[in-house]
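Read the sequence shown against the working numbering and you will find it ends at 126, with the numbers running on by one and no gaps.
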Amino acid sequence: VDFGLDLVYVIEIVCRFQRPYLRSGVDVYDKADVARHYRNTNFWWDLAATFPFDLVALVVWQLTGMATNRHVIPAWSRLNRLMLARYADEQFSGILEKVFAGSPATGRAIRTMWMFFLAKK
6 VDFGLDLVYV
16 IEIVCRFQRP
26 YLRSGVDVYD
36 KADVARHYRN
46 TNFWWDLAAT
56 FPFDLVALVV
66 WQLTGMATNR
76 HVIPAWSRLN
86 RLMLARYADE
96 QFSGILEKVF
106 AGSPATGRAI
116 RTMWMFFLAK
126 K
């Protein structure tokens with residue numbers, strides 16, 4: 006399951022090179038500008054978040070003899086996936102738009118409460 010989700014994240018990275026962004030309130034659709042913007046902003050974070058540190062750790066453990074079980078993967082090796090949590094608001098907003106399509110005010114109220122609690126760190 007984890008490796009399937011990793012594949013989804015890699016596909017998401019590829020798609021983000023095609024997704025327009027806002028510049029001064031205007032959508033930018035030029036593929037070269039979109040790719041340059043993504044590469045200069047979030048690409049490296051996304052790449053680090055999807056890098057398979059768990060597989061690297063497993064190989065190192067196997068080579069050094071530290072692993073007693075072939076299928077042991079240290080939990081700390083997947084901590085880089087937490088960097089993807091910054092997309093939680095984007096995903097949550099998309100779900101709210103679909104669920105509350107008939108009542109946009111309710112969706113906005115729930116999103117405001119979500120942001121309030123998220124910002125309470």
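A virtual CB, placed ideally from N, CA and C, is assigned to each residue, including glycine.
Subject >> Through-space distance from Phe56 to Asn47, alpha-carbon basis >> reply: Those two C-alpha atoms are separated by around 14 Å.
**OP:** Say whether the region 8 to 28 touches the region 36 to 44, bearing in mind that this needs 3 or more beta-carbon pairs closer than 8 Å, one atom from each stretch.
**Re:** They touch, by the three-pair rule.
Subject >> Status (buried if at least 16 other CB within 10 Å, exposed otherwise) for Ala62 >> reply: It is buried - the Cβ of Ala62 has at least 16 other Cβ atoms within 10 Å.
Original post:
How many angstroms separate the CA atom of Leu60 from the CA atom of Ser108?
Top reply: For Leu60 and Ser108, the distance between alpha carbons rounds to 45 Å.
Subject >> Boundaries (first-last residue) of the beta strand (DSSP E) holding Leu27 >> reply: That run of the beta strand (DSSP E) goes Tyr26 to Arg28.
Original post:
Considering only the beta carbon of each residue, do Ile16 and Leu52 sit closer than 8 Å?
Top reply: No, these two residues do not count as a Cβ contact at 8 Å.
Original post:
Near Arg86, what residues of its chain come up, given a Cβ to Cβ distance below 7 Å and the 5 sequence neighbours on each side ignored?
Top reply: Same-chain partners within the cutoff: Ala54.
**OP:** Please name the residue, chosen from Ala114, Met88 and Ala37, that lies closest to Trp50 on a Cα-to-Cα basis.
**Re:** For the options Ala114, Met88 and Ala37, the alpha carbon positioned closest to that of Trp50 is the one of Met88.
**OP:** Could you say which of Asp32, Leu10 and Phe58 lies nearest to Arg83 if we only look at CA atoms?
**Re:** Answer by Cα proximity: Phe58.
Subject >> Where the alpha helix (DSSP H) through Asp59 begins and ends >> reply: Asp59 -> alpha helix (DSSP H) spans Phe58 to Thr69.
**OP:** Might you give, ordered along the chain, the residues of its own chain that have their beta carbon closer than 8 Å to the beta carbon of Tyr14, omitting 5 neighbours on each side?
**Re:** Asp51, Ala54, Thr55 and Leu89.
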